[in-house]
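A.B. asks: Top line first, the protein sequences correspond to chains A and B. Everything in the first sequence is counted per numbering that gives the first Met the number 0, starting at 0 for the first residue and increasing by one. Everything in the second sequence is counted per numbering that gives the first Met the number 0, starting at 0 for the first residue and increasing by one.
There are 2 protein chains.
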Amino acid sequence: MNRLQEHDGWVRAVPCELSPPSLKDNTADVDRLLRGIEKGLQDDGVAIRFPLLKRVPGLLREYGYKICALLYDEGHCWRVMDLYPTCSDLSLYGLAIDMGSSTVVVRLVDLSTRAILEDVSFLNPQNEIGPDILTRILFASQKGALDRLQSLLVEKLNQEISRLAERHAIQTKAIVAVSAAGNTTMTHLFLGLDPYWICREPYIPVVNKPALLRSAELGLAVHPEAPILVFPNVGSYFGGDLVAGILASGMAGAEELSILVDVGTNAEVVIGNRDWLVACAGAAGPALEGGVASMGMMAGPGVIDMVRIDPGSGAFSVRAIEHEPPVGICGSGLIDLVAQLFLAGMIDLRGKFVAERCAGRLQEVGGMKHLIVVRGEDSGTGKDLTLSQSDIDALIRSKAAMYTILTTITTMLNVSMKEISRFNIAGTFGSYIDPQSAITLGMIPDLPLETYRPLGNTSLTGAGVALLSAAARDEIYRIRDRITYVELNVNQEFMNLFSAAKFIPHTDKSLFPSVQS
Amino acid sequence: MNRLQEHDGWVRAVPCELSPPSLKDNTADVDRLLRGIEKGLQDDGVAIRFPLLKRVPGLLREYGYKICALLYDEGHCWRVMDLYPTCSDLSLYGLAIDMGSSTVVVRLVDLSTRAILEDVSFLNPQNEIGPDILTRILFASQKGALDRLQSLLVEKLNQEISRLAERHAIQTKAIVAVSAAGNTTMTHLFLGLDPYWICREPYIPVVNKPALLRSAELGLAVHPEAPILVFPNVGSYFGGDLVAGILASGMAGAEELSILVDVGTNAEVVIGNRDWLVACAGAAGPALEGGVASMGMMAGPGVIDMVRIDPGSGAFSVRAIEHEPPVGICGSGLIDLVAQLFLAGMIDLRGKFVAERCAGRLQEVGGMKHLIVVRGEDSGTGKDLTLSQSDIDALIRSKAAMYTILTTITTMLNVSMKEISRFNIAGTFGSYIDPQSAITLGMIPDLPLETYRPLGNTSLTGAGVALLSAAARDEIYRIRDRITYVELNVNQEFMNLFSAAKFIPHTDKSLFPSVQS
Numbered sequence: 000m001n002r003l004q005e006h007d008g009w010v011r012a013v014p015c016e017l018s019p020p021s022l023k024d025n026t027a028d029v030d031r032l033l034r035g036i037e038k039g040l041q042d043d044g045v046a047i048r049f050p051l052l053k054r055v056p057g058l059l060r061e062y063g064y065k066i067c068a069l070l071y072d073e074g075h076c077w078r079v080m081d082l083y084p085t086c087s088d089l090s091l092y093g094l095a096i097d098m099g100s101s102t103v104v105v106r107l108v109d110l111s112t113r114a115i116l117e118d119v120s121f122l123n124p125q126n127e128i129g130p131d132i133l134t135r136i137l138f139a140s141q142k143g144a145l146d147r148l149q150s151l152l153v154e155k156l157n158q159e160i161s162r163l164a165e166r167h168a169i170q171t172k173a174i175v176a177v178s179a180a181g182n183t184t185m186t187h188l189f190l191g192l193d194p195y196w197i198c199r200e201p202y203i204p205v206v207n208k209p210a211l212l213r214s215a216e217l218g219l220a221v222h223p224e225a226p227i228l229v230f231p232n233v234g235s236y237f238g239g240d241l242v243a244g245i246l247a248s249g250m251a252g253a254e255e256l257s258i259l260v261d262v263g264t265n266a267e268v269v270i271g272n273r274d275w276l277v278a279c280a281g282a283a284g285p286a287l288e289g290g291v292a293s294m295g296m297m298a299g300p301g302v303i304d305m306v307r308i309d310p311g312s313g314a315f316s317v318r319a320i321e322h323e324p325p326v327g328i329c330g331s332g333l334i335d336l337v338a339q340l341f342l343a344g345m346i347d348l349r350g351k352f353v354a355e356r357c358a359g360r361l362q363e364v365g366g367m368k369h370l371i372v373v374r375g376e377d378s379g380t381g382k383d384l385t386l387s388q389s390d391i392d393a394l395i396r397s398k399a400a401m402y403t404i405l406t407t408i409t410t411m412l413n414v415s416m417k418e419i420s421r422f423n424i425a426g427t428f429g430s431y432i433d434p435q436s437a438i439t440l441g442m443i444p445d446l447p448l449e450t451y452r453p454l455g456n457t458s459l460t461g462a463g464v465a466l467l468s469a470a471a472r473d474e475i476y477r478i479r480d481r482i483t484y485v486e487l488n489v490n491q492e493f494m495n496l497f498s499a500a501k502f503i504p505h506t507d508k509s510l511f512p513s514v515q516s
Numbered sequence: 000m001n002r003l004q005e006h007d008g009w010v011r012a013v014p015c016e017l018s019p020p021s022l023k024d025n026t027a028d029v030d031r032l033l034r035g036i037e038k039g040l041q042d043d044g045v046a047i048r049f050p051l052l053k054r055v056p057g058l059l060r061e062y063g064y065k066i067c068a069l070l071y072d073e074g075h076c077w078r079v080m081d082l083y084p085t086c087s088d089l090s091l092y093g094l095a096i097d098m099g100s101s102t103v104v105v106r107l108v109d110l111s112t113r114a115i116l117e118d119v120s121f122l123n124p125q126n127e128i129g130p131d132i133l134t135r136i137l138f139a140s141q142k143g144a145l146d147r148l149q150s151l152l153v154e155k156l157n158q159e160i161s162r163l164a165e166r167h168a169i170q171t172k173a174i175v176a177v178s179a180a181g182n183t184t185m186t187h188l189f190l191g192l193d194p195y196w197i198c199r200e201p202y203i204p205v206v207n208k209p210a211l212l213r214s215a216e217l218g219l220a221v222h223p224e225a226p227i228l229v230f231p232n233v234g235s236y237f238g239g240d241l242v243a244g245i246l247a248s249g250m251a252g253a254e255e256l257s258i259l260v261d262v263g264t265n266a267e268v269v270i271g272n273r274d275w276l277v278a279c280a281g282a283a284g285p286a287l288e289g290g291v292a293s294m295g296m297m298a299g300p301g302v303i304d305m306v307r308i309d310p311g312s313g314a315f316s317v318r319a320i321e322h323e324p325p326v327g328i329c330g331s332g333l334i335d336l337v338a339q340l341f342l343a344g345m346i347d348l349r350g351k352f353v354a355e356r357c358a359g360r361l362q363e364v365g366g367m368k369h370l371i372v373v374r375g376e377d378s379g380t381g382k383d384l385t386l387s388q389s390d391i392d393a394l395i396r397s398k399a400a401m402y403t404i405l406t407t408i409t410t411m412l413n414v415s416m417k418e419i420s421r422f423n424i425a426g427t428f429g430s431y432i433d434p435q436s437a438i439t440l441g442m443i444p445d446l447p448l449e450t451y452r453p454l455g456n457t458s459l460t461g462a463g464v465a466l467l468s469a470a471a472r473d474e475i476y477r478i479r480d481r482i483t484y485v486e487l488n489v490n491q492e493f494m495n496l497f498s499a500a501k502f503i504p505h506t507d508k509s510l511f512p513s514v515q516s
């Protein structure tokens, strides 16, 4: 059976065999159709929009009164999206979109089989306006700028959707549902809503729970009647991407205590279980994102994602993605590298290079020490790939911030780190990270390794799950309403904790017994 | 209080005093607004469309979080149509439209006071395509013709709406609700739906219960978000105009038995009470409409609407509308005239001129006898106004058809004419008719005169009532669903009844005791 016919979806195909009109039953065409759909659906709130309504008499006669109605649950009623001659060999598709500030990922799903056909990621074209959210918000208040930001994104999406459709030999009109998750500002820019008040006290989004839209309202080049589910935000600093993450992690339904960490410029942390959910966020600094360290890059071919250093010989062994000659390092590779440098004694517990241990690899450029990670003859660029003292310092500040945030929130909730049964790490970053290295650095608590679960792009996963399931769609609003967001006070106490965390792994070594051993 | 705030309307103004956002309550603007409206409305299904949603942050701040929300009940939820700074001095308007095949009437209503401001009537511009419905249906199947028929009507409506607004010094954007009733074909042509199957077996309309539309969907030049309520049809031959008529008559809620007759080319008859409603229709011939008899016209200045003949002297006294010199006669005047001719002995019981009683008024033109009603020197045209034998014959056929339909339906239902407590006559025709004259002719049964109620344009009245009241709007769907429509078999029995009714007042004089006396 076509999975579009299954009852758990909020986008559904309903086959209807209507009795043809006769003198004895001269019900009007549209009323006949709606009655038939309501019977098949076992729900009596079905509505049809005008342009399709006009086509009903022709379609009913063309298809001989046997028809397949494609519907979606609009919340207040079911809406007829389109009509087809048959449900059984209906091939229709959906898109899940992770609207990241820097990278956008689109997942094409076959709604008839629920198979993921392809994920495609591309730079958010709004980077052209500014790489960070704040620049875009400030830009948006200029005349015409909001439209510009929206159309940059929508046009790029349309381009990628059209390529996706071409590669899979499908029509864009066969894409009949879209689900999109992003942070609050990205959600606003996608919808063409002014983010002006998001960054100004008291930090008010235009909307936190946008209703379903039709794709035609946004100009998205899929079926014009396709519903677009936009994930709800908790507030200005806690967006739909994280709600999607919580959905993807399953933590909101679990009995045991879980944590979800999404690391970027901001570290967002959710902690809780099926009874309660508390969230907070704090600045972690950009050190964990690609493109910050001098050799830093986003994950891609030739980017180093794993490093091992033989503590005896001091020999480096690096693994680059797709085994291309190395050209740079990504966030997770950087964590590996710095952890290995510490274990090999090449940096000390403050993260400073230990010159005598780095023999032959250390050089000074403009008064700043650099460690050669890959020599020019072995690199994909022909130049040395180096790590500077300031790169390490930035990473230490970031890992200290991360750990301080975790300490602060758990202390505030009177929860011990040991009570955490699952530590979910979200983000592309999280899918590559070696928890052991992150523990070695003291970035994350010293819990049994099996506690850690790298979940990859949870925003995309969550968007994909909500695309296919009515229960999951309902769940995101419940999750949203359940979250208690707490502001972290960056006070003297926080700064003290932060200072103590700026050592590798920590001033208080007893917190990291596995590193000591 | 502004009547828009009253709870019985389906278009309502709801005042909201929202608490301004703060760090303690940083609910998003739209969520805050909807929460406030839901509180004021005491109903929690409120939705807002995208273009207005975008303007919410600006409007909330401009109006200082004190705001008046204009809403309408969409059936599944309440929809926010617009936002204003205050509800109390809000002046908003509605339109009720009677979409007649030949004449369209638009009523402007002040929604704040529920006062009728003006009725304006004009020829249906679709007359340019064809005066009758069938011609328009056949025309509609040509390429582009459906759009043409629709835009003829919509553009003319827009012209008249703009003039109405100008005369009352209001903005068309202040017109925020529309209710329209018409026969099934007119309803289709107004909505741009193909009426092709309406006149072809088994006579299937596109839709009988159209959902609310937004005016922007039809291109009606009022507030673009204004809801348009289009009256439901029972079927191809029983339209929303009659549902509006039943609503206007109040018969569907009455304990006693009533009849509603709408006379045109078709005579439509509804009979029933709060327990049951049966409807039928039959061809009555065009004799009762203006423009058929040689001197026939639609009601207007100088048109004769009352005639008295002194049985002794044979002197005619005529009353013309607005006391202008007579130029023609309307349907109700014609009934008066022929009834008076009969009572004066100038025609016999078969409707034939009695030459010796018509002395000096009878002349023969082309072998056909004509009676001079108004001599040239007294008429507004300078020519004699005459009534021909064939005009009388046509009227006799029409009145016989009318009476036969009434006899057939009451017989079928086993109801005696005497059981009818109220005999409602709908239509402009009905508002001028003298029931005594119609009884004299044997067109309507010989019931006490107070039984007859001329209701005027019930389609317009019904549309106006449904515009203002949620209960009345609900009632039209209940009325529609309650009606049992019966086909009248034009068989030998019917033809026998028809032949018997072709006498004045009837072959069976005992049916009309008041005429005999």
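All C-beta atoms, glycine included, are put in the ideal place defined by N, C-alpha and C.
#1: If the cut is a Cβ gap below 8 Å, which residues of chain A does N25 (chain B) touch?
#2: Within 10 angstroms of the Cβ of R31 (chain B), are there 16 or more other Cβ atoms? Answer buried if so, exposed if not.
#3: Is the beta carbon of I424 (chain A) sitting closer than 8 Å to the one on Y451 (chain A)?
#4: Would the beta-carbon of A400 (chain A) fall within 8 Å of that of A266 (chain A)?
#5: Cβ of I443 (chain B) within 7 Å of any heavy atom in the ligand NAP?
#6: Note down, in chain order, every chain A residue with its Cβ under 7 Å from the Cβ of L192 (chain B).
#7: List, in order along the chain, the chain B residues whose C-beta lies closer than 7 Å to that of W196 (chain A)?
#8: Once DSSP output is grouped into helix, strand and coil, what is the label at A462 (chain A)?
#9: Excluding the five sequence neighbours on either side, which residues of its own chain have a C-beta within less than 8 Å of the C-beta of D193 (chain A), listed in chain order?
#10: Between which two residues does the alpha helix (DSSP H) carrying H75 (chain A) extend?
#11: Taking all protein chains shown into account, decide if K398 (chain B) is buried (16 or more other Cβ within 10 angstroms of its Cβ) or exposed.
#12: Please list, in chain order, the residues of the stretch 71–85 of chain A that have any C-beta partner in chain B closer than 7 Å.
#13: Count Cβ pairs between the stretch 371–380 of chain B and the stretch 469–479 of chain B that sit closer than 8 Å; are there 3 or more?
#14: I'd like to know whether the C-beta atoms of S468 (chain B) and S387 (chain B) end up nearer to each other than 8 Å.
#15: May I ask you to list, following chain order, the residues of the stretch 309–334 of chain B that have a beta carbon less than 8 Å from some beta carbon of chain A?
#16: Look at the Cβ atom of V10 (chain B), then the Cβ atom of A176 (chain B), and state whether they are nearer than 8 Å.
#17: I'd like the span of the beta strand (DSSP E) that includes F422 (chain B), first residue to last.
#18: What residues in its chain sit with their C-beta under 8 Å from that of G143 (chain B), if we drop five residues either side in the sequence?
#19: Could you check how far apart the C-beta atoms of V119 (chain A) and L163 (chain A) are, in whole angstroms? I think they sit under 8 Å.
#20: Name the residue from A:E323, A:P124, A:A179, A:R34 whose alpha carbon lies nearest to the alpha carbon of I231 (chain A).
#21: Can you pull the chain B neighbours of G44 (chain A), defined as C-beta to C-beta under 9 Å?
#22: Answer yes or no: does any C-beta atom of chain A fall closer than 8 Å to that of N207 (chain B)?
#23: Could you tell me whether the Cβ of S516 (chain A) comes closer than 8 Å to any Cβ of chain B?
#24: Evaluate contact between the stretch 238–253 of chain B and the stretch 403–412 of chain B, counting only Cβ atoms and requiring at least three cross-stretch pairs below 8 Å.
#25: Is the beta carbon of L440 (chain B) less than 8 Å from the beta carbon of V337 (chain B)?
#26: Have a look at R48 (chain A) and Y83 (chain A) and give me their C-alpha separation to the nearest angstrom.
#27: Give the interface partners of A210 (chain A) over in chain B, defined as CB-CB distance under 8 Å, in chain order.
#28: Report yes or no: do the stretch 313–323 of chain B and the stretch 346–354 of chain B share at least 3 C-beta pairs separated by less than 8 Å?
#29: Quick one: using the 10 Å Cβ neighbour count with 16 as the cut-off for buried, is K382 (chain B) buried or exposed?
#30: Compare the C-alpha of G281 (chain B) against each of B:G263, B:I320, B:M0, B:Y64 and name the closest.
#31: Please specify which runs of the alpha helix (DSSP H), each continuous and at least 4 residues long, are wholly inside the stretch 188–272 of chain A, giving them in chain order.
#32: Going by DSSP, which residues form a beta bridge with S178 (chain B)?
#33: Quick check: the Cα distance between S516 (chain A) and L276 (chain A), rounded to an integer number of angstroms?
#34: Per the DSSP calculation, S316 (chain B) is bridged to which residue(s)?
C.D. replies: Taking the geometry as given:
#1: P201, Y202, I203, G234, S235
#2: buried
#3: Yes, the Cβ-Cβ distance between I424 (chain A) and Y451 (chain A) is below 8 Å.
#4: Yes, the Cβ-Cβ distance between A400 (chain A) and A266 (chain A) is below 8 Å.
#5: Summarising the ligand content, the structure contains no ligands, and the ligand NAP is consequently not present.
#6: K53
#7: P56
#8: helix
#9: A139, S140, L145, H187, V205
#10: Careful: H75 (chain A) lies outside any alpha helix (DSSP H) and carries neither H nor E.
#11: buried
#12: H75, C76
#13: In this structure the stretch 371–380 of chain B does not touch the stretch 469–479 of chain B; the number of beta carbon pairs closer than 8 Å is below three.
#14: no
#15: none
#16: yes
#17: 421–425
#18: Listed in chain order, the non-local C-beta contacts of G143 (chain B) below 8 Å within the same chain number zero, local neighbours out to five positions each way being set aside.
#19: 6 Å
#20: This sequence places Pro at residue 231 (chain A); Ile is not what is there. When each option's Cα is compared against that of P231 (chain A), the closest is A:A179.
#21: G74, H75
#22: yes
#23: Note that S516 (chain A) scores a pLDDT of 49, beneath 50, so its modelled location is shaky; the value from the coordinates is reported in the next line. Proximity of S516 (chain A) to chain B, defined by a Cβ-Cβ separation below 8 Å, is not satisfied.
#24: When C-beta atoms of the stretch 238–253 of chain B are compared with those of the stretch 403–412 of chain B, fewer than three pairs fall below 8 Å, so the two segments do not count as touching.
#25: Yes, Cβ-Cβ distance for L440 (chain B) and V337 (chain B) is below 8 Å.
#26: 16 Å
#27: A46, I47
#28: no
#29: exposed
#30: B:G263
#31: 214–217, 239–248
#32: B:A95, B:L228
#33: Residue placement at S516 (chain A) cannot be trusted, given a pLDDT of 49 that sits under 50; what the coordinates show is reported in the next sentence. Going by the C-alpha atoms only, they are around 35 Å apart.
#34: Beta-bridge pairing links S316 (chain B) to B:R307.
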